[in-house]
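Undergrad: Quick note: the sequence shown uses our numbering, first residue 330, plus one each step.
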Amino acid sequence: MIQQRCRIGAYEISILHDGVFEAPLDVLIHADGETARDEALARWGKPKVSVVVNCFALKGPDGITLIDAGTGPSWGAAMGHAPAAMAAAGIAAGDVARILITHLHGDHALGLFDGDKPFFPNAEIIVPEADFGFYGDEANRARVPEKKQGAFAITATLKKLYAGRIRSVPAGGEARPGMTLIPLPGHTFGHGGYLIQGEDDSLLLWGDALHLSDLQASDPDIGFVYDLDAATALASRRGILERAAHENWLVSGGHVEGFRRVVRKGAGYELQPA
Ligand SMILES: [Zn+2]
330 MIQQRCRIGA YEISILHDGV FEAPLDVLIH ADGETARDEA LARWGKPKVS VVVNCFALKG
390 PDGITLIDAG TGPSWGAAMG HAPAAMAAAG IAAGDVARIL ITHLHGDHAL GLFDGDKPFF
450 PNAEIIVPEA DFGFYGDEAN RARVPEKKQG AFAITATLKK LYAGRIRSVP AGGEARPGMT
510 LIPLPGHTFG HGGYLIQGED DSLLLWGDAL HLSDLQASDP DIGFVYDLDA ATALASRRGI
570 LERAAHENWL VSGGHVEGFR RVVRKGAGYE LQPA
């Protein structure tokens with residue numbers, strides 16, 4: 330059983346499991362090309378990609394904070410379970426004081442919406458400035474392939490439903506006291522993780538720096554077609570794996586099972602259960 334809860338400083342942090350997203354193997358790419366990808370997949374030996382989808386609840390002296398919001402009801406029966414996980418943890422939507430969004434993709438932000446109403450009636454929404462600015466400007470649409478344009482509609486809905494209670498945070502800035510936005514660009518324009526600093530230990534929730542944590546930790550050159558800019562995403566992935574290993578941070582993310590620590594192994598890394 331991989332650890333699903335941890336304590337960092339004044340915060341008790343729980344994983345809210347939203348579901349599992351399945352996709353064919355051809356969503357994977359490799360920086361060294363197709364042959365390298367096929368060899369890596371043959372070693373891996375799995376017939377398809379199963380990606381867990383998580384968000385996180387923090388209980389602390391400043392109330393309830395969520396990191397990301399899950400898919401909501403629109404991605405089918407295998408997903409959208411974060412609200413039930415939240416209820417099981419004793420948290421009502423109205424209790425949530427703020428939600429820190431790692432990036433404006435559907436599996437992280439659609440859970441903010443309840444049809445044409447906000448799902449969280451009292452929450453402030455905190456978004457990486459670069460993502461909010463980029464996807465909030467229709468003039469940028471032409472810079473993004475058509476299949477990756479969903480974040481524009483999400484940003485427009487967010488602006489409409491949460492008008493007056495959205496705050497954007499610059500790269501490296503504090504989303505909250507002791508919660509720093511670590512920029513991890515590439516997956517989206519302004520994608521980032523949140524580093525929650527405690528006195529003895531810190532936790533990095535790295536959003537989508539990795540989608541298949543075991544496969545991509547052992548070979549960080551493996552990417553996903555969902556990355557907006559594969560080369561930048563790869564540089565972010567390598568950089569954050571090395572930094573997390575060096576700092577011995579506790580880590581998790583939108584698509585990581587449980588809380589882990591990053592350990593260097595061979596030419597790559599291993600995510601060891603905490
Ligand atoms: Zn994601």
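Glycine included, every Cβ here is placed at the ideal spot set by N, Cα and C.
Only a predicted model underlies this, so the values are computations on that prediction, with no experimental measurement involved.
Between A360 and G552, which are expected to be in contact by the criterion C-beta below 8 Å, what is the C-beta distance as a whole number of angstroms?
TA: The sequence position of residue 360 within the sequence shown is 31, counting from 1. The sequence position of residue 552 within the sequence shown is 223, counting from 1. Contact holds; Cβ gap of about 7 Å.
Undergrad: Return yes when at least one heavy atom of ligand 1 lies under 8 Å from the C-beta of Y598, else no.
TA: Position 269 of the sequence shown, counted from the start, is the residue given in the question as residue 598. Every heavy atom of ligand 1 is 8 Å or more from the Cβ of Y598, so no.
Undergrad: Could you name the residues of the same chain whose beta carbon sits closer than 7 Å to that of D548, not counting the 5 residues immediately before and after it, in chain order?
TA: Stepping through the sequence shown from its first residue, residue 548 is reached at position 219. Once the five neighbours on either side are set aside, the close Cβ partners of D548 are A369, G597.
Undergrad: Verify the contact flag: D537, CB atom, against every heavy atom of ligand 1, threshold strictly below 8 Å.
TA: The sequence position of residue 537 within the sequence shown is 208, counting from 1. Yes.
Undergrad: Is the Cβ-Cβ distance between G527 and R336 less than 9 Å?
TA: One-based indexing of the sequence shown puts residue 527 at position 198. One-based indexing of the sequence shown puts residue 336 at position 7. G527 places its beta carbon less than 9 Å from that of R336.
Undergrad: Can you tell me whether D391 is buried or exposed, with buried defined as 16 or more other CB within 10 angstroms of its CB?
TA: Taking the sequence shown and counting its residues from 1, one reaches residue 391 at position 62. D391 should be labelled exposed.
Undergrad: With a 10 Å radius around its C-beta and 16 neighbouring C-beta atoms as the bar for buried, classify V554 as buried or exposed.
TA: As a working note, residue 554 is residue 225 in the sequence shown. By the 10 Å Cβ count, V554 comes out exposed.
Undergrad: Taking buried to mean at least 16 other C-beta atoms within 10 Å of its own C-beta, is Q545 buried or exposed?
TA: If you number the sequence shown from 1, residue 545 lands on position 216. The residue is buried, with at least 16 neighbouring Cβ atoms inside 10 Å.
Undergrad: Taking 9 Å as the threshold (C-beta atoms), are V381 and E576 in contact?
TA: By 1-based counting over the sequence shown, the position of residue 576 is 247. By 1-based counting over the sequence shown, the position of residue 381 is 52. No. Outside cutoff.
Undergrad: Do A411 and A398 have their beta-carbon atoms positioned less than 9 Å apart in this structure?
TA: The sequence position of residue 398 within the sequence shown is 69, counting from 1. The sequence position of residue 411 within the sequence shown is 82, counting from 1. In contact: A398 and A411 (Cβ atoms closer than 9 Å).
Undergrad: Can you tell me whether G583 sits near ligand 1, meaning its C-beta is under 8 Å from at least one heavy atom of the ligand?
TA: Position 254 of the sequence shown, counted from the first residue, corresponds to residue 583. Yes, Cβ of G583 sits closer than 8 Å to a heavy atom of ligand 1.
Undergrad: What are the boundary residues of the beta strand (DSSP E) that includes K377?
TA: Translated into positions along the sequence shown, residue 377 becomes position 48. Segment: none, K377 is in no beta strand (DSSP E) and carries neither H nor E.
Undergrad: Report the residue ranges of all alpha helix (DSSP H) runs contained in full by the segment 533-571; include only those spanning at least 4 residues, in chain order.
TA: 542-547
Undergrad: Can you tell me whether G521 is helix, strand or coil according to DSSP?
TA: Taking the first residue of the sequence shown as 1, we reach residue 521 at position 192. Three-state DSSP puts G521 in a strand.
Undergrad: Which partner residues does S581 have in the DSSP bridge list?
TA: Counting from 1 along the sequence shown, the entry for residue 581 is found at position 252. DSSP output for S581 lists L534 as bridge partner(s).
Undergrad: Taking the alpha carbon of I454 as the point to measure from, which residue in G515, E467, T486 has its own alpha carbon closest?
TA: What you label residue 454 is simply residue 125 of the sequence shown in a count that begins at 1. For the residues G515, E467, T486, the minimum Cα distance to I454 belongs to T486.
Undergrad: Compute the Euclidean distance between the alpha carbons of A573 and R589, then round it to the nearest angstrom.
TA: For the purposes of this step, residue 573 is taken as residue 244 along the sequence shown, with counting starting at 1. For the purposes of this step, residue 589 is taken as residue 260 along the sequence shown, with counting starting at 1. Their backbone Cα atoms lie some 10 Å apart in a straight line.
Undergrad: Going by the C-beta, is D530 closer than 8 Å to any heavy atom of ligand 1?
TA: Residue numbering aside, residue 530 sits at position 201 when the sequence shown is read from its first letter. No, the beta carbon of D530 sits no closer than 8 Å to any heavy atom of ligand 1.
Undergrad: Tell me which residues share the same chain as L439 and place their Cβ nearer than 8 Å to its Cβ, disregarding the 5 neighbours each side in the sequence.
TA: Within the sequence shown, the letter at position 110 stands for residue 439. So the qualifying residues of the chain are A398, G399, T400, G401, S403, W404, I483.
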